[in-house]
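Numbering (the numbering used here), first residue to last: 39 to 299.
See structure below.
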Amino acid sequence: MHTESSLYALFNRLPEGVVVADERGVILFANDAFVELLGYDNEILKGLNLLSLLEDVDIFAECVAQLMEKGKMLNADTAFVHRDGTVIHTVKSVQAVRENGETRFYITVRNLTEADRLNRELRHSKELIEHQAGELSTLLNSKHLELEEILGSISEVIWYIDDTTLALRYVNQAVEELFGLPKEMFLANQTLWQQRIHPDDRALVKTFFETLLPGQSQKIRFRILRSDEQLRWISSRIHHHPTLRFFIGITSDVTASVSAS
């Protein structure tokens, strides 16, 4: 079981905002991405009630009601108020977790402004892969339910594969949105992800993994085919972990940006 501090350290490496609050809505922790999103100092945010940061306070009551009924809320449109008074439109997901007799809310917040999301991703993804790869792999293997729920709410595909066979060992729920196939299919058929690579790009991907040495991190962009045969461009930032013997990556759909360019 990982300590609270190790979870918070991981959250600070994620490109999306993460907030931990008690059942009253009082903020217990806010990661660096959320601090940057709203323009507050971390020490100011800690102890504030989420109500004071919402444009529409009724959103909080609706959220709590759904959490009490279902235990989670996914992809809810929410407007936060920046420190300078501007409104920040986001999508949030909330997971209620019972810990030591108390309820805590784990909240992920994604800025709907695409350029802002991409900038945060570029700043944080390299550090996430290079410095937290070992901890991330351990956390994934622990099958810790609460963390699995949190990773499942992140829009990027997080995965790792064997560095010899390229067999898939883990992937989060976001793979379903990207490929149009159930996560369970990828875990049952560990080479399915290779079969979905566009035939013209398979040699490129094969060479990439053959030449990425232990300890190195690189970025690759290539095409995949969804279950409906729709072509998508994806971008992956991949780290070859030198001791775990895994390729660990974060993958995003960049079709829109490729088409625009």
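Glycine included, C-beta positions come from ideal geometry on N, C-alpha and C.
Remember, it's a predicted structure, so these values are computed and weren't measured experimentally.
Here's the rule I'm using: 16 or more other beta-carbon atoms within 10 Å means buried, otherwise exposed. How should I133 be labelled?
Position check: residue 133 holds Gln in this sequence, whereas Ile was assumed. Result: buried.
Touch check for the region 45-52 and the region 127-143: three-plus C-beta pairs under 8 Å?
They do not touch, by the three-pair rule.
For D238, which three-state DSSP category applies?
helix
Would you report the Cα separation of G287 and W197, rounded to the nearest angstrom?
6 Å
Cα separation between E235 and F246?
Note that residue 235 corresponds to Ile in the displayed sequence, not to Glu. Take the alpha-carbon of I235 and the one of F246: they are about 13 Å apart.
What's the gap between the Cα of V147 and the Cα of G109?
17 Å
Starting from the N-terminal side, write out each stretch of the alpha helix (DSSP H) that is 4 residues or longer and does not extend beyond the region 40-119.
Fully enclosed alpha helix (DSSP H) runs of 4 or longer: 42-49, 70-76, 80-83, 96-108.
Could you compute how far the alpha carbon of H40 sits from the alpha carbon of Q233?
With a pLDDT of 49 at H40, under the threshold of 50, the modelled position of that residue is not reliable, and no figure is offered here.
Over the uninterrupted beta strand (DSSP E) stretch that includes T289, give me the two end residues.
284-291
If you run the structure through DSSP and keep just helix, strand and coil, what is L263?
strand
Which ranges does the beta strand (DSSP E) cover as unbroken runs of at least 3 residues, wholly within the region 199-249, from first to last along the chain?
206-209
Considering Q133, what are the terminal residues of the beta strand (DSSP E) in which it resides?
125-137
Report the option in V243, L216, L204, D238 whose CA atom is closest to the CA atom of N227.
L204
Going by DSSP, name the residue or residues bridged to E140.
E137
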